[in-house]
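Residue numbers (this note's numbering), protein chains in the order written: chain F, -4 to 440; chain Z, -4 to 440.
Ideal Cβ positions, reconstructed from N, Cα and C, are used throughout, including at glycine.
Just so you know, these numbers come straight off a predicted model, no measurement behind them.
Before any comments, here is the structure.
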C-alpha cells in the first residue's frame, strides 16, 4: 500500500483528489489530505474508504515532518512560497514530491541530492505551467524530428468564464485568484521577435495586445507575459528568433483595464488616505487632476484619452466606478480597493461554468517551405467544484503521480514535464478527461 | 579650540569647507576633513593652517569611532545611507552632528538619547531639504502671526544650468547626481488639492506639469514630488487644503522625458540582453513593436503619439538616441544605458555655471480677503567648484554649525530647521551669500 500525502485541499485540488481516490483501489493507495481547514479536507474526501482528512498547518514543523515521514509521495498544493519547506523535508526523508508550481531556486538546489537518493521532485505539472509545457514540447519535438527549423513560437493561456455564461461587458469573471488578476503584469514583459529583444513596460502592456481566434469559442486578445525569454532554455529553443508567451482575455478587456493602469488604480505599494468614508467615485477622482468644471467621468475621459461614448467607457460605468457607493474598507491600497469592487462585479454566478483556453502557434521551415501549426485547447468546467481550472491544474498532477508510482515515469531529480517519456503518457491520458489539443497545419507564404 | 570633523569632501562640501576654514581663526576651530580620496580632501583644505585632510573609510569601524571620539561636532556629507552609522557613534560618544539629508528612521530613533545627553543632531539643513524648510516656515509663521489662514502652499525647486550657458534643446544639464535625475519619480506622487488627496503614477508624472515663471530667469514647469503629504506635519499645516511640492525643469522637458517613461527606457530593474554589441538605436528599438516597414523614428512617434516634426522629437534626435553609435556597456539596465548617453549630452562645459531656482506660493485669507505671497530664490554658481548646488547645500550647513557652536542655536535632539530660533539667524546670514528670497504679495479674487 502506497501512502500519498496531499497538502492543501483548496479549489485547485478538487479534481486531483477525486482522481486519486477513484484510482486508489486498483492501485492500492491511501490518500491523506491535509488542509488548514479540516472541514474542507473532509469534504474533498467524500467518505471514500481510502481517504483520510486531517487539519494541517504548514508552520507546525513537527506535524509537517511527521506527516511527510509517514508518506511515500507528497503532493504540495500549498501556496508556492511554502513548497520549499515541504521539498527540503521530502528529500531529507527520501520521499517523492509533485507540485503544479514553478521551480523555485530553493527547490532547484535540491536536484543533486534528489538524484543521488533516486527521488522525483516533479514541478510545473498543472495547466500553466504544465499542460502548456507538455503540449508545446510534443509539437516542438515532432517538428524537430522531421527536420523542421522553428522560426516562431507563440503561446497563450487564459482562464475565463465559459461562453454560455459570459454576460457582462468585460466578458470576464474571476475563475481564479482575483489578486493575481489585479496586479498582473507589474514587471516588464520580455520577449524576442524576429531576433530582436523586446521590452514592454507595465504602462504599455494592455495596449500591446494581439488578436486571435480559438476553435469554436471565438475571439481573444493576448497580452505578453512577464518572462518569455527563459522558455527558450526550458523548451530547447535557444536560437529561435521569435518567442512570445501571453495571457488571453476577450477583445476590449485590455483597453478597459489599461484605464486602471494609466490612472494608477492597480498600484499596490501605498495605502489610500482618508479611506474610511470614501466612495468609489472619490477613489477614481483621487487619480484625476483637481477641476471643479468637469464631472469625474469627463475628467477621466480627458485624462486617458477615451471617448465618453466608447465601449471602454461603458465597461467602466458598468463596474460602478463612478457610483457614490462607500468602499467600506478602512486601510487598503488602490489595488485592494479595485479588487473589492471587481470581486462583486466579476463573481461567477451559482450556475456559471468556467473555461480554460490555450493556443500555441509554431512557425517552422521544412524543405524550404514555411508552415504553421496551431495547437488549441478549450476545457470547460463541469460545475463549481470541478471547474476547468481545477481539472486542468489537478488532473495532470494526479496522472503524473499515478504514472510515476506505477513505474511508467522513471525520471528522477528536480524536473519539469518537458521530456517525452513524461509528457507523452500524461497527454495521452489527459485526452480521456477532455483535455484534447486540436492541431491545424497551414502553409505560409 | 573646537574640533569639527567633516566626513565626505565631494562637490557638495566645497563651499561649506571654505566657509568653515574662513571662519576658523575667529572661532578657534580645527577643521578635519575625511574622504575616501585623500587627494580630494587635501584640495578642499587649500593648505589652510586650521585644516587637516585624512583618508577616511566609513566602513572602517575603528577609524570611524576614533575620528568621532576626537571631535566636538561631526558634519556628515557622506551618502545618506551611511549617516546613521555616524549618528549612532556621535550619540554614544556625546558628539553633535549636522547633515543636509532627510531624517531617517534610524536617526529619528536617537532623539530621546540625544536630548538626554544635550546633543544636537541637526538634519535637512542643505537646500532641498533645508533652505526650502527655512524660507517656507518664515512666511508661514508670518502669515499665522498676523492671523491669516493658509489655503494653499506650493513649493518647487530645481537645479539647472544658468541661463547664459543654457544652449541645448532640453534646457537642462546635469548639475548634480545624474542617476537621481534618470530614476526620478518612480514611486507614486501624493499631494492634496482643495482638500482632495491626489495620486500621480509614474506614467502620468511628466504630463502633470504646472507652468510658472520665476523672477528674471524665465519660464519653468514643475512636476510633483513623491511625497507632499508628509510636509503638512513638518510645516504645522495639518489642515491645509492644498499642498504640493515639485521639481523644476524648463518647459518642454517633461514632454520629452515622458517619452522615455512611456517606452520603459528609465527602468532600473533588469539588465538588457545582448548589450555587448548594441547601439543606441537598437536600444530604443527594443521598446518598440517589431515592424520592418517603418523606421525606428516613425515607430517611436506612432507608439507614444508624437509628431515627427515636434519639438519633443527634435529634443530626442539631439540626444542621439537614433544613432548607430555603440553603447559600449556590457551589463546595464535601461536606466543605466540612458544615463550613459545623457552624461555625454547633458554635461556641463568647462565654463558653464549652474543655477538653483526655488519658488514658494502661499495662498491665504486674512480679514476675508484672499491673498497670495510668492517667495522666490535664484542662486547662480560662482564657478565649477563653488556651484550654486555646493553653495546652497553647504553654506546653510556651515552657518548652522557656527551658530550652534557659538550658542546662538540652542536646540537639542534630532531636529530639522523649522523652528524660528534656527531658521531666522541662518536665513539672515545666508543673505550675505546671495541667498535672498524675493517676496511679492498680491490680492486674489
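Could you tell me which of the options sits nearest to residue i, measuring between CA atoms?
i: residue 349(F); options: 320(F), 385(F), 318(F) and 359(F); result: 385(F)
i: residue 367(F); options: 117(F), 357(F), 376(F) and 122(F); result: 357(F)
i: residue 355(Z); options: 24(Z), 141(Z) and 133(Z); result: 133(Z)
i: residue 336(Z); options: 7(Z), 169(Z) and 193(Z); result: 169(Z)
i: residue 68(F); options: 283(F), 94(F) and 418(F); result: 94(F)
i: residue 66(Z); options: 47(Z), 73(Z), 55(Z) and 54(Z); result: 47(Z)
i: residue 342(F); options: 75(F), 171(F) and 26(F); result: 171(F)
i: residue 271(F); options: 328(F), 231(F), 315(F) and 314(F); result: 328(F)
i: residue 396(Z); options: 102(Z), 418(Z) and 286(Z); result: 418(Z)
i: residue 364(Z); options: 212(Z), 439(Z) and 71(Z); result: 439(Z)
i: residue 208(Z); options: 246(Z), 25(Z) and 190(Z); result: 246(Z)
i: residue 423(Z); options: 391(Z), 434(Z), 402(Z) and 332(Z); result: 391(Z)
i: residue 215(F); options: 302(F), 251(F) and 352(F); result: 352(F)
i: residue 106(F); options: 269(F), 300(F), 332(F) and 411(F); result: 411(F)
i: residue 376(Z); options: 159(Z), 61(Z) and 101(Z); result: 159(Z)
i: residue 429(F); options: 126(F), 436(F), 231(F) and 316(F); result: 126(F)
i: residue 211(F); options: 38(F), 373(F), 401(F) and 18(F); result: 373(F)
i: residue 198(Z); options: 380(F), 253(F) and 379(F); result: 253(F)
Skipping 5 residues on each side, what residues in its chain have a beta carbon closer than 7 Å to that of residue i?
i: residue 320(Z); result: 274 and 275
i: residue 330(Z); result: 177, 178, 261, 262 and 263
i: residue 110(F); result: 407 and 408
i: residue 359(Z); result: 138, 143, 144, 145, 146 and 366
i: residue 398(F); result: 404, 420 and 421
i: residue 23(Z); result: -4 and -3
i: residue 394(Z); result: 421, 424 and 425
i: residue 280(Z); result: 291
Once the 5 residues before and after residue i are set aside, which same chain residues still bring their CB inside 8 Å of it?
i: residue 194(F); result: 183, 184 and 185
i: residue 233(Z); result: 227
i: residue 235(Z); result: 145, 146, 147, 148, 187 and 227
i: residue 229(F); result: 128, 411 and 413
Taking the beta carbon of residue i as the centre, do at least 16 other beta carbons fall within 10 Å, making it buried, or is it exposed?
i: residue 432(F); result: buried
i: residue 283(F); result: buried
i: residue 307(F); result: buried
i: residue 11(F); result: buried
i: residue 219(F); result: buried
i: residue 129(Z); result: buried
i: residue 155(F); result: buried
i: residue 371(Z); result: buried
i: residue 91(F); result: buried
i: residue 244(Z); result: buried
i: residue 268(Z); result: exposed
i: residue 59(F); result: buried
i: residue 402(Z); result: exposed
i: residue 290(Z); result: exposed
i: residue 57(F); result: exposed
i: residue 278(F); result: buried
i: residue 361(Z); result: exposed
Spatial neighbours of residue i within its chain, please: C-beta separation below 6 Å, excluding the five flanking residues on both sides.
i: residue 338(Z); result: 173
i: residue 223(F); result: 186, 238, 239 and 240
i: residue 314(Z); result: 340
i: residue 310(Z); result: 164, 165 and 251
i: residue 303(F); result: 296
Would residue i pass as an interface residue toward chain B - the criterion being a Cβ-Cβ separation below 8 Å?
i: residue 268(F); result: In the structure shown, chain B cannot be found, because the protein chains are F and Z.
Any heavy atom of the ligand FMN closer than 7 Å to the Cβ of residue i?
i: residue 287(Z); result: With respect to the ligand FMN, the structure shown offers nothing to examine, as it has no ligands at all.
### Message
With a threshold of 8 Å, are at least 3 pairs of Cβ atoms found where one atom belongs to the segment 137 to 157 of chain Z and the other to the segment 320 to 330 of chain Z?
### Response
Between the segment 137 to 157 of chain Z and the segment 320 to 330 of chain Z, the count of Cβ pairs shorter than 8 Å is below three; the stretches do not touch.
Short of 9 Å Cβ to Cβ, which residues in the segment 167 to 198 of chain Z face chain F? Going along the segment 167 to 198 of chain Z in chain order, one finds 182, 183, 185, 187, 188, 189, 191, 192, 193, 194, 195, 196, 197 and 198 with a Cβ nearer than 9 Å to chain F.
| query | Listed from N- to C-terminal order along the chain, which residues in the segment 202 to 228 of chain Z have their beta-carbon within a distance smaller than 8 Å of any beta-carbon of chain F? | reply | The segment 202 to 228 of chain Z vs chain F, Cβ under 8 Å: 203 and 224.
*Cβ contact (3+ pairs, closer than 8 Å) linking the segment 379 to 398 of chain Z and the segment 161 to 168 of chain Z*: With the cut-off at 8 Å, the segment 379 to 398 of chain Z and the segment 161 to 168 of chain Z do not touch.
Original post:
Is the number of C-beta pairs between the segment 26 to 39 of chain Z and the segment 110 to 123 of chain Z that are closer than 8 Å three or more?
Top reply: The segment 26 to 39 of chain Z, when compared against the segment 110 to 123 of chain Z, does not touch it at the 8 Å Cβ threshold.
Using Cβ-Cβ distances below 7 Å, what residues of the segment 295 to 325 of chain Z are close to chain F?
-> Residues of the segment 295 to 325 of chain Z with a C-beta atom less than 7 Å from some C-beta of chain F do not occur.
Note down, in chain order, all residues in the segment 279 to 296 of chain F with a beta-carbon under 9 Å from any beta-carbon belonging to chain Z. Taking 9 Å as the Cβ-Cβ cut-off against chain Z, the residues of the segment 279 to 296 of chain F that qualify are 280, 281, 282, 283, 284, 285 and 287.
Pull out every residue of the segment 381 to 411 of chain Z whose Cβ sits closer than 9 Å to any Cβ of chain F, in chain order. Here the close residues number zero.
**Report entry** Any 3 or more C-beta pairs closer than 8 Å across the segment -1 to 9 of chain F and the segment 72 to 79 of chain F
**Finding:** Contact check between the segment -1 to 9 of chain F and the segment 72 to 79 of chain F: three or more CB pairs, one atom from each, fall below 8 Å, which counts as touching.
At least 3 beta-carbon pairs within less than 8 Å: the segment 82 to 102 of chain F vs the segment 114 to 125 of chain F: They touch, by the three-pair rule.
> What residues in the segment 240 to 259 of chain F have a beta carbon less than 9 Å from any beta carbon of chain Z?
Replying inline: Residues 256, 257, 258 and 259.
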